[in-house]
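Encoded as structure tokens, the structure appears first; notes follow it.
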Amino acid sequence: MVAGKRKNGFYLWTVRLLVFMLVIGQFGVYGGNRAHAAVGSGIVSSSNDYQYVLTNNNGQLQVNQKSVKLSWARSYEISTSGYSFRRSQSINGAVEDITKISFGSYTSTYTGKVTNAFIIDFGEVWEYYTTMEYRQSGTNVGVWNNSTVDEFGMTTPRYVQSYEATQLSLVVNADTGAVVDFVSNLNPYYIRKAESFSFVKEPGTTQPITTVPAVPTNLAADASDIAINLDWSAAPQAVQYEIEENGVVKGPFYGINYTSSSLTPNTTYTYRVRGINRLGASEWSESVALTTLLEKPVLAVTAEEGKNTIQWNGVEFADRYQLQVDGGTPIELGNVTSYVHEGLEANSTHTYVLKAFSANNESAWSKMVSQLTVPDRTDGLTVTDATFNKLTVVWTAVKGATGYDLEIDGTNVAVTGTTYSKTGLQANTEYTFRIRPKNAGGAGSWSDITTGITQMSTPIIQSNPSQEEVVLIWSPVDGATSYEVEADGVVVGDITDSIYTHTGLKPGTAHKYRVRAISDTNISAWSAVKSQNTLPDSVNGLVISASTNAAITLKWTAVTGATGYDLEIDGTVVPVTGVAYTKSGLAANTDHTFRIRSKNAAGAGAWSDLISGVTLLNTPVLKATSEETAINLTWADVADATKYEIEADGAVVATVEEPSYSHAALLPGTAHKYRIRAMTDTNTSAWTAILTQS
Numbered sequence: 001m002v003a004g005k006r007k008n009g010f011y012l013w014t015v016r017l018l019v020f021m022l023v024i025g026q027f028g029v030y031g032g033n034r035a036h037a038a039v040g041s042g043i044v045s046s047s048n049d050y051q052y053v054l055t056n057n058n059g060q061l062q063v064n065q066k067s068v069k070l071s072w073a074r075s076y077e078i079s080t081s082g083y084s085f086r087r088s089q090s091i092n093g094a095v096e097d098i099t100k101i102s103f104g105s106y107t108s109t110y111t112g113k114v115t116n117a118f119i120i121d122f123g124e125v126w127e128y129y130t131t132m133e134y135r136q137s138g139t140n141v142g143v144w145n146n147s148t149v150d151e152f153g154m155t156t157p158r159y160v161q162s163y164e165a166t167q168l169s170l171v172v173n174a175d176t177g178a179v180v181d182f183v184s185n186l187n188p189y190y191i192r193k194a195e196s197f198s199f200v201k202e203p204g205t206t207q208p209i210t211t212v213p214a215v216p217t218n219l220a221a222d223a224s225d226i227a228i229n230l231d232w233s234a235a236p237q238a239v240q241y242e243i244e245e246n247g248v249v250k251g252p253f254y255g256i257n258y259t260s261s262s263l264t265p266n267t268t269y270t271y272r273v274r275g276i277n278r279l280g281a282s283e284w285s286e287s288v289a290l291t292t293l294l295e296k297p298v299l300a301v302t303a304e305e306g307k308n309t310i311q312w313n314g315v316e317f318a319d320r321y322q323l324q325v326d327g328g329t330p331i332e333l334g335n336v337t338s339y340v341h342e343g344l345e346a347n348s349t350h351t352y353v354l355k356a357f358s359a360n361n362e363s364a365w366s367k368m369v370s371q372l373t374v375p376d377r378t379d380g381l382t383v384t385d386a387t388f389n390k391l392t393v394v395w396t397a398v399k400g401a402t403g404y405d406l407e408i409d410g411t412n413v414a415v416t417g418t419t420y421s422k423t424g425l426q427a428n429t430e431y432t433f434r435i436r437p438k439n440a441g442g443a444g445s446w447s448d449i450t451t452g453i454t455q456m457s458t459p460i461i462q463s464n465p466s467q468e469e470v471v472l473i474w475s476p477v478d479g480a481t482s483y484e485v486e487a488d489g490v491v492v493g494d495i496t497d498s499i500y501t502h503t504g505l506k507p508g509t510a511h512k513y514r515v516r517a518i519s520d521t522n523i524s525a526w527s528a529v530k531s532q533n534t535l536p537d538s539v540n541g542l543v544i545s546a547s548t549n550a551a552i553t554l555k556w557t558a559v560t561g562a563t564g565y566d567l568e569i570d571g572t573v574v575p576v577t578g579v580a581y582t583k584s585g586l587a588a589n590t591d592h593t594f595r596i597r598s599k600n601a602a603g604a605g606a607w608s609d610l611i612s613g614v615t616l617l618n619t620p621v622l623k624a625t626s627e628e629t630a631i632n633l634t635w636a637d638v639a640d641a642t643k644y645e646i647e648a649d650g651a652v653v654a655t656v657e658e659p660s661y662s663h664a665a666l667l668p669g670t671a672h673k674y675r676i677r678a679m680t681d682t683n684t685s686a687w688t689a690i691l692t693q694s
């Protein structure tokens, strides 16, 4: 029964406690001096023929001088609609926890066949195990469930000991030194039998060392410019080997191959090899002499329109070169360091490799360089739009171009597309442009220079209207020699001053204006349209149409184009609409002055002539008493009045200075009608209401 699968927690921990006590009893407290069969220093395992040797050098395992890192990790992830699952496991071992090492051939579903492998067993390993699971039901938002519990039901990270599992083994590829698998029922793929593995241990036993090694045979070598690779046949009884290079002994080494690096190009080296074991060394093998190749050239390719220029470092001792272009027959070159590949199509890719030669040596082919030719030169660069602070240029698209360099007055701007607007420029200023296409291979040729000039600054108009003309003024524009004014759609040119008067207009009429600056070589944009009305006509016919003792009513003739009027009453201006106005709240028998002017959006017209008006005297309050043949009229004195006029039965019968009058010689029992008014030499009051008296 696997410990992690037991359901009875008490039983599980009881068994673990008993095992723990046994460990203490036999080996002492774990963690102080561990009792695992830790490997010693030096050779800890090997193939039978010592071609693969695993060593421990101060706690660092190596396979034929290749370092082995005792760690392994594997992850798994699946995701479908509404479901996701992720799992990861990492294992770390320590040299002091190794209990056994075997060599052989390993095969698993995960690794495939590993022909040469070391299986390293551990008394314990460090494990970290995580799972993340997401489920969604219907339209409900799901949640992630995270866990660090391993296949044995234990929370990680933790130390896993060998008594918990059937096996705790890391698999090392002996050819590379890499850990490629973890063999254990702690591995989810193996405990669930989702994958399989097998290990075939190398048969027989390691050859016993009974004599010094035989002399190595079949020593062979191949060279590059800075390294020589050696290999030989395994020598019986040899565990290690020593190499002699130009009389200098190097080693010992494990394995039957060796690379001497950091050598000098075009230099001859002599090698021989001998086997080593605990009993001594063999005789040296036959020697092999080999000359390193000439230094490998390094290519640099520069693309220009229609050609690529290939350059390289001059190789020491070389007196000629071969250049292979696009995989074709090599081109023979003399002792030169450049070559121009011409007649190329734009946006085409070409490959280059180079080999150096001397009288008795050569280099390896250089690293291949692939070069894309640059795009064709662009045409049609033109300035299509100009304002006082902006110029817009356009050009024809170039096939294969991924962008463009636009040079504006000597400064490059990286551009995509086929149009660009340069803003923030000075008015009435000349700028130069040229452009070149570019791609991954570089930049093509520059176009011809195109010149553009910004417009002059646009005038800003102000206006001053009168009834029959409008005066336009603006600030002078730098560089302008004259101006054009468009007045109501008619252009007037050759205006040298920054002022223009539009004459012969009718009062109260609307007009539109715009202005632009002109020079011999340039022009500004038209200004914004300025709308301006002339002032309205003067008001005619201001008259007093009615007066009372407390109010005066005025009227006047309407003015065409006026939107209102200013009526001045005794020096105070009152805004008025319409063509009549009554000023009330006045004192009786008082003089008042009036004048009026029309107005519109442009302003106010001229004042009319001043007129005067006077309020009436206060109206008397008439009373009457009767006698047999007379009726007596009385009233209170009216301020400022000097006389009174009496009307009886529709006819004025008297003018008196005193506030009374007796209408005599009347027939008894007859009715009569009366009214009176107060008077001065220049004014009157209103008539009183008719009073009927018998």
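Here the sequence shown is numbered in full-length UniProt numbering, starting from 1 and rising by one per residue. In this text, a Cβ means the ideal position worked out from N, Cα and C, and glycines have one as well. All values reported here derive from a predicted model rather than from experimental measurement.
Using a Cβ-Cβ distance cut-off of 8 Å, the region 596–609 and the region 657–666 are not in contact, since fewer than three pairs of beta carbons, one from each stretch, lie closer than that value. The continuous stretches of alpha helix (DSSP H) do not include Y404, which lies in the beta strand (DSSP E) extending over residues 403–408. Note on I552: 16 or more other CB atoms within 10 angstroms of its CB, so buried under the neighbour-count rule. Three or more beta-carbon pairs drawn from the region 370–380 and the region 391–399 are found closer than 8 Å, and the two stretches are therefore classed as touching. When secondary structure is reduced to three states using DSSP, V638 falls in the coil class, being assigned neither helix nor strand. Counting of Cβ neighbours within 10 angstroms places L667 among the exposed residues, the total staying below 16.
If you look at Y76, you'll find it in the beta strand (DSSP E) that goes 71–80.
Positions of the beta strand (DSSP E) runs, each at least 3 residues long and wholly inside the region 113–195, are given as 124–135, 143–147, 158–161, 169–173, 179–183 in order along the chain. Within the same chain, Cβ atoms closer than 6 Å to the Cβ of G280 are found at V212, the five residues on either side in sequence being excluded. Within its own chain, the residues whose Cβ lies closer than 6 Å to the Cβ of Y189, once the five positions on either side in sequence are excluded, are E195, listed in chain order. Taking 8 Å as the upper bound for CB-CB distance, V171 and V183 are in contact here, some 6 Å apart.
Secondary structure of V95 (DSSP, three-state): helix. Linking P459 to S531 through their CA atoms gives a straight-line distance of about 15 Å. As the crow flies, the alpha-carbon of F388 is around 48 Å from that of L567.
Between the region 675–687 and the region 626–645 there are three or more inter-stretch CB-CB distances shorter than 8 Å, so the stretches are counted as touching. Cα atoms of N632 and S685: separation of roughly 21 Å, rounded to the nearest angstrom. Counting every other CB atom within 10 Å of its CB across the protein chains shown gives Y339 a total of 16 or more, marking it as buried.
In this structure Y52 touches N116 by the C-beta definition: roughly 6 Å separates them, less than 8 Å. Judged by their CB atoms, Y129 and D150 are nearer to each other than the 7 Å cut-off. Minimum Cα-Cα distance from F122 among the listed residues T166, V301, G93 corresponds to G93. Of all alpha-carbon atoms in P575, T419, T402, the one lying nearest the alpha-carbon of N439 is that of T402.
For Y241, the uninterrupted beta strand (DSSP E) run begins and ends at 240–245, by DSSP.
Straight-line measurement puts the Cα of Y254 at about 17 Å from the Cα of I228. Of the candidates L323, G334, T329, the residue whose Cα lies closest to the Cα of A364 is L323. Annotation for D566: the continuous beta strand (DSSP E) segment containing it runs 564–569. In this structure, the CA atom of R87 is about 21 Å from the CA atom of L70. In the structure shown, K367 falls within a coil segment according to DSSP collapsed to helix, strand and coil. DSSP lists Y404 as the beta-bridge partner residues of P437.
Per DSSP, reduced to three states, the secondary structure at A588 is coil, with no helix or strand assignment.
Runs of the beta strand (DSSP E) spanning 3 or more residues and lying entirely within the region 589–620 occur at 591–600, 611–614, in chain order. Judged by beta-carbon spacing, A221 lies within the 7 Å limit of L230, meaning their Cβ atoms are closer than that value. With respect to the 7 Å criterion, L294 and A234 are not classified as neighbours on the basis of their beta carbons. Counting along the chain, no beta strand (DSSP E) covers G578, and no H or E run does either. The beta carbons of I518 and Y565 sit about 43 Å from each other, so the pair does not count as a contact at 8 Å. Under the DSSP definition of a beta bridge, T419 partners with V394. For T451, the three-state secondary structure derived from DSSP is strand.
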